[in-house]
Structure formats: C-alpha cells, structure tokens
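Colleague: The sequence shown: position 90 = 74 (my numbering), numbered continuously.
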Amino acid sequence: DRKANMIITGGENVFPSEIENVLGSHPAVKYVAVIGVPHEKWGESVKAVVTLHAGKTVTEKELVEHCRGKIAGYKIPKTVDFIKDEEMPMTPTGKILHRILREKYGKWSDVK
-15 DRKANMIITG GENVFPSEIE NVLGSHPAVK YVAVIGVPHE KWGESVKAVV
35 TLHAGKTVTE KELVEHCRGK IAGYKIPKTV DFIKDEEMPM TPTGKILHRI
85 LREKYGKWSD VK
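(1) Would you mind stating whether V(-2) and G8 have Cβ atoms separated by less than 8 Å?
(2) Under the DSSP definition of a beta bridge, which residues are partnered with E31?
(3) Starting from E(-4), trace the beta strand (DSSP E) in both directions and tell me its first and last residue.
(4) Do E28 and I(-9) have their C-beta atoms closer together than 8 Å?
(5) Would A32 be called buried (16 or more neighbouring beta carbons within 10 Å of its own) or exposed?
(6) DSSP on K14, reduced to helix/strand/coil?
(7) So what's L81 in DSSP terms, helix, strand or just coil?
(8) Looking only at DSSP bridge pairs, what is L36 linked to?
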C-alpha cells in the first residue's frame, strides 16, 4: 500500500518507490526496500535495505553518493543495511514486504 509505505521525515513526505528506483539503478543492487524508521528529531528517517547481485560489492557511502543529484537531500537514505537475498521478505510473486521490514527495523533507530 503506497500510502502506508510513505515516510514523513522533518515534515516532508517521501515516497519510498522514488528512492528505490534510484538505488535500484546501481549495477550492484539486486533488491532494495526503503522504509521509515523512528527518529526522535525528524519523526522518521529514511533507511534502505539492500541485497546485492552475486559477486558485486558496494558500500553505504557509494550508494548515498549514487543518490546525490538524483533526489532531494532529505530523501537520501541516512542508513543502508545489507542483507542476504533470503533475508529479504517477499510475497510468492516476488514483491517485497515492506511491512515486515518496518516491523524488524522500526523498534529502534540507529540514526541520531
């Protein structure tokens, strides 16, 4: 659900799909999900959860740089977590289950 996935950070509405499209265009990225995680100052901060293609590597910093100039600064993920393919929750048809990721990462924030 698009509206349920919307992130509100510092009063700005952020649609995860826009950020996912930018991050997904990086050649190392296989799957990406963008979620909002609780943040004491901003309400929510933007977090990307990423899996990589076999044999590919990329750093959090490189992915953040990949976003610069393509999306507004407040939309750029504040944190990026790298997980294995099998850890990315998906429906049988291959859609990422953002709700599961929000439940996993939404209990605390590693961004101050």
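Glycine included, each C-beta is placed from N, C-alpha and C at the ideal position.
Nothing here was measured: the structure is a model prediction, and the numbers come from that model.
Modeller: Put simply:
(1) Along the sequence shown, one-based indexing puts residue -2 at 14. Along the sequence shown, one-based indexing puts residue 8 at 24. Their beta carbons are not under 8 Å apart, which means V(-2) does not touch G8 by this criterion.
(2) By one-based count along the sequence shown, residue 31 stands at place 47. For the sequence presented, residue 31 should be read as Lys rather than Glu. Partner(s): I19, T63.
(3) If you number the sequence shown from 1, residue -4 lands on position 12. Here the beta strand (DSSP E) through E(-4) covers -4 to -2.
(4) Here residue 28 refers to the residue found at position 44 when the sequence shown is read from its first residue. Here residue -9 refers to the residue found at position 7 when the sequence shown is read from its first residue. Taking 8 Å as the Cβ cut-off, E28 and I(-9) qualify as a contacting pair.
(5) Taking the first residue of the sequence shown as position 1, residue 32 is located at position 48. Classification for A32: buried.
(6) As a working note, residue 14 is residue 30 in the sequence shown. Note: K14 maps to strand in three-state DSSP.
(7) Residue mapping note: residue 81 aligns to position 97 of the sequence shown, counting from 1. Three-state DSSP puts L81 in coil, outside helix and strand.
(8) For this step, residue 36 is matched to residue 52 along the sequence shown. Paired residues: V13.
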